[in-house]
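Numbering (full-length UniProt numbering), first residue to last: 1 to 313.
Quick look at the structure:
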């Protein structure tokens with residue numbers, strides 16, 4: 001089985017794009033298996049991004065995983081959460097073993113709140129699983145992943161709803177782990193507007209630019225958008241738009257062959273010179289210098305440990 005239905009440089013995206021290709025007979029839009037099951041695309045060594053969510057339970061291997069320009073050395077067991085649009089690749093991996101889950105937004109229709117949980121987990125990406133004396137993790141997430149695998153393989157009546165429930169449990173329990181960033185506790189209309197704004201930022205990479213453009217797409221006033229986003233995230237919409245544009249620019253500079261002017265247009269700037277000033281103000285470095293720093297490794301030389309105890313006295 002190879003659920004990576006298409007890969008290559010899509011006309012609309014200069015970074016190689018993988019789409020989830022699940023045959024109609026295998027609906028719902030969810031696939032699960034080992035790295036060997038999915039083949040080379042599941043451990044691609046070149047920067048690419050997905051149109052789908054990916055959860056990886058790594059049980060063995062050495063090397064590193066580079067996600068949105070941050071290099072994370074492997075130290076199994078751990079969980080990895082990748083969101084649609086994130087640019088990543090595996091670097092120098094050997095002996096990589098584990099389970100991969102792939103699914104689209106359509107799989108979350110019964111539990112739309114799980115999108116917020118996934119976004120919170122995607123902000124951290126890697127979570128260490130404390131190993132227990134039996135070799136499994138003390139949080140029991142490895143056994144939960146194996147139970148999902150058995151359900152997916154058997155495909156008994158109602159298996160899709162069982163997988164949806166298992167996924168929800170996995171997300172909730174993963175957010176209890178050290179290092180996880182829990183979503184805000186806000187509920188109601190304000191929280192929903194803030195979630196939709198976040199999804200739009202992810203979808204557009206901040207390219208709409210003006211906060212007013214996002215407010216118009218959501219059918220609300222700029223004032224209300226400012227109020228609810230500040231209330232639920234602690235940051236203004238303008239700050240989040242700038243962060244999204246900067247991140248997307250970094251992805252394109254490091255993961256594509258586009259010129260600086262082309263990158264500027266991709267993230268919503270008509271004037272490349274203004275984009276360069278914006279990028280330097282946000283990052284402290286010019287787009288050209290950033291690309292040279294990323295160099296042939298396709299990422300900036302920054303390493304982040306997945307050990308939750310690192311840095312503690």
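The beta carbon of each residue, even a glycine, is placed where N, CA and C say it ideally should be.
Here residue 232 is buried. Its C-beta has 16 or more other C-beta atoms within 10 Å. CA-to-CA, the gap between residue 121 and residue 176 works out to about 11 angstroms. DSSP places residue 237 in no beta strand (DSSP E) but in the uninterrupted alpha helix (DSSP H) bounded by 237 to 255. In terms of Cα proximity to residue 57, the closest of 224, 152, 220 and 144 is 144. Separation of residue 204 and residue 269 (C-alpha to C-alpha, rounded to the nearest whole angstrom) is 13 angstroms. For residue 54, DSSP records a beta bridge to 82 and 102. Judged by DSSP in its simplified three-state form, residue 127 adopts strand. With 16 or more other CB atoms across the displayed protein chains lying within 10 angstroms of its CB, residue 76 is buried. In this structure, the straight-line span from the alpha carbon of residue 33 to that of residue 284 is close to 42 angstroms. Contact annotation: residue 29 and residue 81 have beta-carbon atoms that are not nearer than 8 angstroms. A distance below 6 angstroms between beta-carbons, with the five flanking residues on each side excluded, links residue 59 to the following residues of its chain, in chain order: 76, 77, 97 and 98. The residue from 256, 267, 126 and 245 with its alpha-carbon nearest to that of residue 70 is 126. DSSP places residue 196 within a helical segment (H, G or I) once states are collapsed to three.
When the Cα atoms are used, residue 207 and residue 226 turn out to be separated by approximately 18 angstroms.
Residue 176: not part of any beta strand (DSSP E); DSSP gives it neither H nor E.
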